[in-house]
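The structure appears below as structure tokens.
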Amino acid sequence: MSTPTESTGSNSGMRTLRHGLTLGRVDLRRVVRKSIDRTSQILAYAVLLVVFGGAGGYGAYFFGREVGLGGALPFEYSMLEVGRGAFAIMWLFFAVIIVVRTVGTRGTLENDVGVLSVVPTREAVLGVLVSEFVLALAYALPLFSVLAVGYSVGAGTYTLLATAPLAAVAASATAVSFAYPLGLAIRHVVTRIPFVARHKGPLIVLVFVAYMALILSDVLGNVVVTIFEPMQQAPTAWFADLLLLGSPVAASPLRAALALALVPAFAAASVLVTTRVADRHWFADPVLAGTEDDDVDVDPNTDRHDDGLLLRVEDALGGVVGRGTAAVTVLAWKRAARAPLKLLYVAYPLLFAIGFLADIVQTGEVPAFAPAGALLFVAWAGAVVFTLNPLGDQGSALPATVLSRVGGRQFIGAHVLAGAIVTIPVGTALVVALALAVPLEADVLAAVALGTPASVLVGSLFAVGIGMLFPRYEAVNITRSTKAVVPSLLAFLAYSLFLVLVVAAAGIVYEPAVEPFVAAIASWLLPFGWSVTADTVGLAARAALVPLAIAPFASAWYAIRRFDRVTLD
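Numbers 37 to 605, taken from our numbering, label the letters of the sequence shown in order.
So, in structure tokens, the structure goes:
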């Protein structure tokens, strides 16, 4: 017979669990509803599952058919040791992703004042952990299941169909339990310590640069290789025994049972630790990030900047292009400096070139296509920062700019000039350095050196019109507490398509030897058995250069007319 104290404690625990599950269900419904409203998130989720799931499923099928879990491997580790080390490292990367999510978007409560005034912190924490677990499982379970199905079909054994879902649930639960309180603690440092909070943007950029440096220098790869063997002994490696239980691999039933026991142990510890951290973080006032000079009252024709260097630059430019154009140019630089997170968007194309960049850093050999790739990136990056959203970049200063005596020619010219002054010298130096490192022949080197400034100017002229046609005025979330105004998706796509078409047409005209290759690809893609010849490809490329050459000037003319017609509601 239970005592009243035991009964009360049991009822309290059940009430906490019930409230936590309810809060988790509400939070999960809210997150799913927001994701459904954003097409980009749905596409990203679908692409991730299709690409990684498809590749992983086929790889598992091929492995099961050709090797199998009982087969021999061409290195010193056994199949079980490889499974343990790989699972432990993948669990670690999964936890890092959850930490980043917590720091950026999942470290605060929706309607926190209302929730925390009604329920204890412990119940709110339990709800968030439940919601985050389900969201993590939404990625892990499909991927694990596809791998299990692929291997089972290839090997003709079906034990993984039962163990893979268990391993996915256990790995997701423990990863969330470990990573969420850690991410919440880091978020507390980021948002509550004055120095970090006030320099959050530059620090995020530095972290991104450091991350890229780790990848390009292969330090990250060396770290993974170094910890692979020690991680085989980590408790998180027991999930591999759970996954491989009943397979030809001699998995340990004891370790598999311990892997399941980790789930409640991690969960209980996580609720206690996260509650302590959340009590500090959720009830503490965030540090004000400080105030910047507001541009809302700046008249570009009359107002001056308080920075001595900028004053001298503005005076020098004013003597050449006029006071209004010089003032808008300097304002464009100031806005770019105030929004360093916007520069992360500039670096996105580099993610597709990580493999090439890593090879260059590690081998010291520069491939022949590197200068052309750098030229394309320089033209793209300069436009994204300065000319692909000129109206939206004005922010609250847009009414003052429109009502000032600055005309369309001055406004558009200033943004093109702002990008050219920064991008041309830096971009030309980068492209020429790569061309010398290849090395290219003298005539090609001269063409690349002269083509970089021309590409930047022509690209900026086209981009400014696209930016005026598809402006974006609202800031988008970089993290939950940090926003930046970036060019619209349509502007990104239109400008990127223009650059690709220019490079493709110019490349075909410059090197006719690629015409048969392009014709073969085009014929393969065309429906109904249609085909094109190499001569047709060459003729089309030459014909396309005419409108592509006219487009930048027509785009700039449109941008000037568009600014002169801007009205304020």
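A virtual CB, placed ideally from N, CA and C, is assigned to each residue, including glycine.
- With contact defined as three or more Cβ pairs closer than 8 Å, the segment 434–446 and the segment 594–602 are in contact.
- DSSP places Gln446 within a helical segment (H, G or I) once states are collapsed to three.
- Judged by DSSP secondary structure, Thr144 falls outside any alpha helix (DSSP H); it is assigned neither H nor E.
- About 5 Å separates the CB atoms of Gly92 and Leu183; that is less than 8 Å, so the two are in contact.
- With distances taken between CA atoms, Met126 lies nearest to Phe275 out of Phe275, Asp571 and Phe319.
- Straight-line measurement puts the Cα of Ile596 at about 22 Å from the Cα of Ala372.
- Secondary structure note for Gly495: its alpha helix (DSSP H) is the uninterrupted segment Ala478 to Leu505.
- Just so you know, the alpha carbons of Ala131 and Phe244 end up roughly 18 Å apart.
- The residues Pro407, Leu481 and Val484, in chain order, have a CB closer than 7 Å to that of Ala471 in the same chain once the five nearest residues on each side in sequence are set aside.
- Fully enclosed alpha helix (DSSP H) runs of no fewer than 4 residues occupy 255–267 and 274–280 of the segment 252–312, in order along the chain.
- Here Ile460 is buried, its C-beta having at least 16 other C-beta atoms within 10 Å.
- Looking at the backbone, the Cα of Ala473 and that of Val402 are separated by about 6 Å.
- Between Gly428 and Pro507, the C-beta gap is smaller than 7 Å, which places the two residues in contact.
- For secondary structure counted as the alpha helix (DSSP H) over 4 or more consecutive residues, the segment 407–436 holds these complete runs in sequence order: 426–429.
- Trp369 sits in a helix when the DSSP states are folded into three classes.
- The criterion of a C-beta distance shorter than 7 Å is not satisfied by Val155 and His224.
- With contacts defined as CB atoms closer than 7 Å, Ser188 and Leu179 fail to qualify as a contacting pair.
- At least 7 Å separates the beta-carbon of Gly455 from that of Ser491.
- If you check the CB distance, Ala273 and Ala499 do not come in under 7 Å.
- Sequence-distant partners of Leu250 (beyond 5 residues in either direction) whose C-beta falls short of 7 Å from its own C-beta, in its chain, are Leu256.
- Glu117 sits in a helix when the DSSP states are folded into three classes.
- One alpha carbon belongs to Phe129, the other to Ile229, and they sit about 27 Å apart.
- Counting C-beta pairs with one atom in each stretch, the segment 259–269 and the segment 164–180 have fewer than three that are closer than 8 Å, which means they do not touch.
- By the C-beta density criterion, Glu168 is buried, having at least 16 other C-beta atoms within 10 angstroms.
- Here Leu278 is buried, its C-beta having at least 16 other C-beta atoms within 10 Å.
- Comparing alpha-carbon positions, the option among Val494, Ala542, Thr141 and Ser524 lying closest to Ala587 turns out to be Val494.
- In the structure shown, the three-state DSSP call for Asp321 is coil.
- Under the three-state reduction of DSSP, Phe528 is assigned to helix.
- When rounded, the separation of the alpha-carbon atoms in Asn147 and Ala297 is 35 Å.
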